[in-house]
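Sequence order for the protein chains is A and B. Note that my numbering gives residue 681 to position 681 of the first sequence, counting from 1, and the numbers run on in steps of one. Throughout, my numbering is defined as the position within the second sequence, counted from one, plus 1000. Below: one structure, written as structure tokens.
Protein chains: 2
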Amino acid sequence: MKKLLISFLLLLACVPYVGAQEGGKLLSMEEAVLGYGLYVQNRRCVWTEDSSAYTYVDNNAIVAVDVRTGKSRNVITLDEVKAATGAELRSLASYAFADGALLITAAGHDYAIGLDSKELIYDYVQPKGENVTSLGGGRYVFTRENNLYYADQTEERAITSYVNKNMVCGQSVSRNEFGISGGIFPSPDGSKVAFYRKDESRVTSFPLLDVTTRTGSLMEIKYPMNGMASEFVAVGVYDVNTKKTVWLDVDDFDAERYLTNVTWDLAGEKLYVQVLDRAQKHMNLNSYDAATGEFVKKILSEENEKFVEPQNPLYFVEGDADKFIYTTDNRDGFYNLYLCSVSEGTVERLTKTDADVAYLAQRGGRYVYYTSAEVSPVDNHLFRVDMKNGKVLRLTSEAGWHTCAVSPDGKYFIDSYSSLDVPRVVKLADTEGKKSSEIYRAENPSAAFNYGEITMGTIKSADGRFDNHYRLIKPINFDPSKKYPVIVYVYGGPHSQMVQNTFQASMGRWEMYMAQRGYVVFVMDNRGTDNQGAEFAKATHKYLGQCEMEDQVKGIEWLKSHPWVDGERIGVHGWSYGGFMTISLMTNYPDLFKVGVAGGPVIDWKWYEVMYGERYMETAVTNPDGFEKTSLIPMASKLEGKLLICQGTIDNTVVWQHCLNFVEACIKSGVQLDFFPYPTHEHNVYGVDRVHLMQKVTDYFEDNL
Amino acid sequence: MKKLLISFLLLLACVPYVGAQEGGKLLSMEEAVLGYGLYVQNRRCVWTEDSSAYTYVDNNAIVAVDVRTGKSRNVITLDEVKAATGAELRSLASYAFADGALLITAAGHDYAIGLDSKELIYDYVQPKGENVTSLGGGRYVFTRENNLYYADQTEERAITSYVNKNMVCGQSVSRNEFGISGGIFPSPDGSKVAFYRKDESRVTSFPLLDVTTRTGSLMEIKYPMNGMASEFVAVGVYDVNTKKTVWLDVDDFDAERYLTNVTWDLAGEKLYVQVLDRAQKHMNLNSYDAATGEFVKKILSEENEKFVEPQNPLYFVEGDADKFIYTTDNRDGFYNLYLCSVSEGTVERLTKTDADVAYLAQRGGRYVYYTSAEVSPVDNHLFRVDMKNGKVLRLTSEAGWHTCAVSPDGKYFIDSYSSLDVPRVVKLADTEGKKSSEIYRAENPSAAFNYGEITMGTIKSADGRFDNHYRLIKPINFDPSKKYPVIVYVYGGPHSQMVQNTFQASMGRWEMYMAQRGYVVFVMDNRGTDNQGAEFAKATHKYLGQCEMEDQVKGIEWLKSHPWVDGERIGVHGWSYGGFMTISLMTNYPDLFKVGVAGGPVIDWKWYEVMYGERYMETAVTNPDGFEKTSLIPMASKLEGKLLICQGTIDNTVVWQHCLNFVEACIKSGVQLDFFPYPTHEHNVYGVDRVHLMQKVTDYFEDNL
């Protein structure tokens, strides 16, 4: 597999993306940042219930294309939807099909419109609140402030009634780590609702300043810092009919355990929870009785001296309530899918590839569809595996990054992909790998612009064991006899992948803006990032930033090996983890980097939050050496180049404890640096203000590099 | 008077201070900011009780010099004091004489040592608390958190016991405006204590971030903003013997009235308070019965359509309990002293000069000593006036700024002065203006340095009615055929005077640091500042910054009239009000100023506090035009030059509401500017960190001007 990978990539590196030639337009900063007219068009397809057609929105109508005949017909028009619902819809951006009806959500209503009759079947009014979640049949659960409520079309009632604001119900917990993105989990038939409760009483508050009010005001957030008191999480189950709540009887590990990936069984009788200790080195997958909350069984467990990090729910096998598909990278070195039996406690490897795999769907109780990095970490291909015999079929062929949607009957799939020089192609294909036809091809929206050449390739990691993927953008009107300054854009943190074989290699348009101003731009994923297996991902454990820097320096050395690179003029820019990397590189390699711009940087992991931070860094008690080596506070005195730090003033992810203490350390060391705050912005600067930010970043490189 | 003034100043402007010549040393930034070895030495003199000698500390001993014979003797040595007290004293920096004893306060003790015996007479232990105030005889009042306490050497008791932290007793009120600097006022015999209480319940809080704690923490301050709910102030009187507190029955004006300049009568029976309405346009001087709190009498009142601003207590005439000396600028256009009768309600002008006067002392029930600006606003001279016949005698002769101490018997005074080229001279003189002898002359500590020429002079205010005083520093090795860039250092706000005829014209050493780097440095007081009378001071009313800018621009025009000024390279720097001026100038006169550095700037007076802000600006309701014209928020889009804002991150005077909203306005206007925070610093940056600040300021001018 490795050999195939490398030869493929060498090929890739030889086929650069070449933009428009000399005389093409230059990007304005607004175009670079906001992308006016420069987003690649797409055709988002939705399968009909009966799999007979795929649909998409065109010309204010939902158009269906018959998969056998290829004939198009209007399913319904925007005007018809407006007539049926009476709602002031402006587009058909989002819809679904169910029970012969079109489902549309708009302005706090859930509408169903008969596809034949074009008449309203129901109009369910959503309750006013946050995290509104449908149980079906016009029944909802939702949150208001810290409590959870139930409402249907006739009544509303509280599920929880905590006066203490530190008891927060129905919202996400554990700062959205472990794949957690919400706190409400309806059972399959909607008769019960599992929900998170977190008790933040012991978690320290961090003050943020809201300057938009008349006199300025406090926005206080709960922020559990590495090594300090954390939240207590519980899972409740509310029975809509009996109006009773039971709590899962979880007793594993310590009180600050994590309850992750809450999954209902198909019958709605049991709940499965992947429970981790606070240290994140052990995981028990347990089942609980949803009616009583009682612990039923430990199905399996994982342990790892670095960390275990379950990120996916269980996918129960259609028609076989005893079996589910489970995802882990803790057994064979890569994220793979495993077929498990609840009753027998067996865990059988389903995908047998030395590459990271992501579950997509299953059809007919037999086939599991998944995407994986097995062709290359920068490509994403669709496969299916037969659960009966393990036979694998690769379903996508063109190099690139494929995003797929399998038809409900499993016979067809929509394949939407792009690659370095392909903006977007959408195809209809059958799942036997026999037929395929293109149904949409996007134009290159930047065809009229003068873009520099974009190439992809790999550079050996500093330990010589991995291939790190990069994209390289050469300045426009490139003259190899000249010497160009370099801007390294870096992120480098866990669960990231900056370089993919998508259109223009996932380039940020600002990179091309800089290439148009005479800079070589270089972006490389390093060890610790995604899609190259567990060993690659966990190489950074306890010493975040250290081997990432070593890898980035390999990239710099490679750059400097080219005669057209001005090795005295290398700048680095990154945000968040990339801000941490930027300052780490500036202070650990002051001879290599002349200018840096760090956004919202982590400065010392002791100030970052418990969930992410303790996974990768443990705590200062168990890992004093790691904290000492990675802290940028003692490195402030090593800063020699020009460094600008930018940060949102209400950053609730990397709090100002970081940047201000670094500024303070610089002041105490007599080191000059620059700083700029973005009021009203959190951990990043989005929207129109981002134009100002990127102008500031650009000016800083233009003035100093 | 005016004519004398002008001719005197023309003379002054012709006698520049000339520093060391070429080849002298250059200041390091540490020397410029921290002043290592560059402070002018002084001889601080203290009169003995019997006026027979003045004393000073020399060689770890208190030396007394007999005023008649000139003979010196040791009063007591540091070793003798240490032996008597047993305290670990390191110097005799501060002492007083009373009842034949030397009084020394050290390490929470008040010691009295017999001057003859050299033995300890008493050792009073101060209680642990804040604002510890002696009532005499080892009795104290002090504060802990928001309450006031009494303690003597045997017991401690609470005077107030408010659980509500918004009720604050014994501390300063009204944000130290109106000359208020504390909240505890013992009666002459110490049997009663008047104290302030403020109720801040309605005042909004402003959040500050303390980054020095492990997880970061909130420092919340009460900050009454212009036009918003303010504090309620009351004055209580605690009787030490009865242990009862009464409250002054104040009923003037509105509930947010100001109670200022609390003064005891000589008998300790009545309290005098100068009460203002919240609008600060009316003042009633009332007396109250200290035993009951009852209102006794309105003695006099003031009103002014701009503002009245009492800043001084009453000075009761020795030996005549009915008479007191009162200070106001509201009657004759200048701060003058008035002799008032309590019983007759008469107010008789005592000092009859068209210049601002400051009370110093009275002696023998007949003479009042005062200093005044009547020779020139930049000079300070001692005078005495005979209360019986109004006869005035000027007691200091040399041009400059005199600081004086009259002997207890009124026969002699110590005259300590400096002027542009005189570092410091201390003289002993008699109060008949006959004899005078020099007792100390300081060396010039910067004699070995290469300093540029410092000149003083005046420039007509923009309305042509006043003379604004400036100091001008020319670059070292000045060549009039060259063109030099200029740095204007500006403050310009009420109650300031940047230019005085003191040594080197009160220059900040950083100014000379810049002159050594080739900059012309210019500092000028404008209308609205001190020491030129009420009309001059109040010219800015309701439109802060406007006529100040007009005056400063006159200064710029004058500068540009010189061939050695590079009019294209003018920078401006100021802090606080000077930061407001800096940004006002940069945005109102973008063609004049290329670079600005503003520290802790006011951006919109609606975000400044009630007491100072409403005096000068009223509120946005009564003065909408003034608020609109002076706000820098709409001016953000006019910024063309390079602007750096620096601010302490825990600034509790000009809160971050100002700077962040200006930054936000710049972002919204697409205007670039620079910003730098000083964590752990309040409204200014002091101590060693100031070296970093001034290096940053310097770099900003060096890089951009």
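From the three backbone atoms N, C-alpha and C, an ideal C-beta is built for every residue, glycine too. Only a predicted model underlies this, so the values are computations on that prediction, with no experimental measurement involved.
Alpha-carbon to alpha-carbon, residue j and residue i
{"i": "A:N661", "j": "B:G1648", "result": "13 angstroms"}
{"i": "B:G1037", "j": "B:R1257", "result": "47 angstroms"}
{"i": "A:D699", "j": "A:L27", "result": "16 angstroms"}
{"i": "B:A1620", "j": "B:N1261", "result": "28 angstroms"}
{"i": "B:A1505", "j": "B:V1488", "result": "15 angstroms"}
{"i": "B:T1346", "j": "B:V1067", "result": "40 angstroms"}
{"i": "B:L1004", "j": "B:H1109", "result": "Annotation note: pLDDT 38 at B:L1004 (below 50); position unreliable, no value reported."}
{"i": "A:P634", "j": "A:I583", "result": "12 angstroms"}
{"i": "B:L1009", "j": "B:R1331", "result": "In this prediction, B:L1009 scores a pLDDT of 40, lower than 50, which makes its location untrustworthy; the coordinate-derived value is nonetheless stated afterwards. The alpha-carbon atoms of B:L1009 and B:R1331 are separated by roughly 28 angstroms."}
{"i": "B:D1703", "j": "B:K1696", "result": "10 angstroms"}
{"i": "B:S1372", "j": "B:I1414", "result": "17 angstroms"}
{"i": "A:S201", "j": "A:V233", "result": "12 angstroms"}
{"i": "B:S1117", "j": "B:L1089", "result": "19 angstroms"}
{"i": "B:K1270", "j": "B:S1576", "result": "39 angstroms"}
{"i": "B:K1638", "j": "B:T1587", "result": "5 angstroms"}
{"i": "B:Q1546", "j": "B:T1622", "result": "18 angstroms"}
Cβ-Cβ distance between residue i and residue j below 7 angstroms
{"i": "A:M611", "j": "A:S174", "result": "yes"}
{"i": "A:D566", "j": "A:P480", "result": "no"}
{"i": "A:K281", "j": "A:E231", "result": "no"}
{"i": "B:S1051", "j": "B:S1407", "result": "yes"}
{"i": "B:R1073", "j": "B:A1061", "result": "no"}
{"i": "B:L1559", "j": "B:V1572", "result": "no"}
{"i": "A:V141", "j": "A:T133", "result": "yes"}
Neighbourhood of residue i by C-beta, 6 angstroms cutoff - its chain only, sequence neighbours within 5 removed
{"i": "B:A1534", "result": "D1329 and G1333"}
{"i": "A:V426", "result": "R43, S416, I439 and Y440"}
{"i": "A:L11", "result": "For A:L11, the predicted model reports a pLDDT of 43, less than 50, meaning its position is unreliable; a value from the coordinates is still stated below. No residues qualify anywhere along the chain."}
{"i": "A:A96", "result": "L103"}
{"i": "B:V1237", "result": "K1192, A1194, V1246 and A1290"}
Helix, strand or coil at residue i according to DSSP, with G and I counted as helix
{"i": "A:Y56", "result": "strand"}
{"i": "B:F1253", "result": "coil"}
{"i": "A:L706", "result": "With chain A covering 1 to 705 only, the question about residue 706 of chain A has no answer from this structure."}
{"i": "A:V67", "result": "coil"}
{"i": "A:S506", "result": "helix"}
{"i": "A:F206", "result": "strand"}
{"i": "A:W656", "result": "coil"}
{"i": "A:L644", "result": "strand"}
{"i": "A:G687", "result": "coil"}
{"i": "A:Q41", "result": "coil"}
{"i": "B:E1231", "result": "coil"}
{"i": "B:A1084", "result": "helix"}
{"i": "A:E711", "result": "Since the first residue shown for chain A is 1 and the last is 705, residue 711 of chain A is missing from the structure and cannot be characterised."}
Contacts around residue i, its chain only, beta-carbon distance under 7 angstroms, and the 5 residues preceding and following it disregarded
{"i": "A:F536", "result": "F466 and R527"}
{"i": "B:S1437", "result": "K1427 and L1428"}
{"i": "B:V1422", "result": "G1400 and F1503"}
{"i": "A:T212", "result": "T680"}
Contacting residues, own chain, Cβ-Cβ under 8 angstroms from residue i (five flanking each side not counted)
{"i": "B:L1350", "result": "I1325, N1336, L1337, Y1338, L1339, V1368, V1385, M1387 and G1390"}
{"i": "A:D530", "result": "D356, P494, H495, S496, Q497 and A537"}
**OP:** Let me know the alpha helix (DSSP H) ranges lying completely inside the segment 510 to 556 of chain A, each 4 residues or longer, listed in chain order.
**Re:** 534 to 538
Subject >> Contained alpha helix (DSSP H) runs [length at least 4] in the segment 1093 to 1180 of chain B, N- to C-terminal order >> reply: Whole alpha helix (DSSP H) segments, 4+ residues: zero.
Original post:
Taking the runs of the beta strand (DSSP E) that are 3 residues or longer, which of them lie wholly in the segment 264 to 318 of chain A?
Top reply: 270 to 276, 282 to 289, 295 to 303 and 315 to 317
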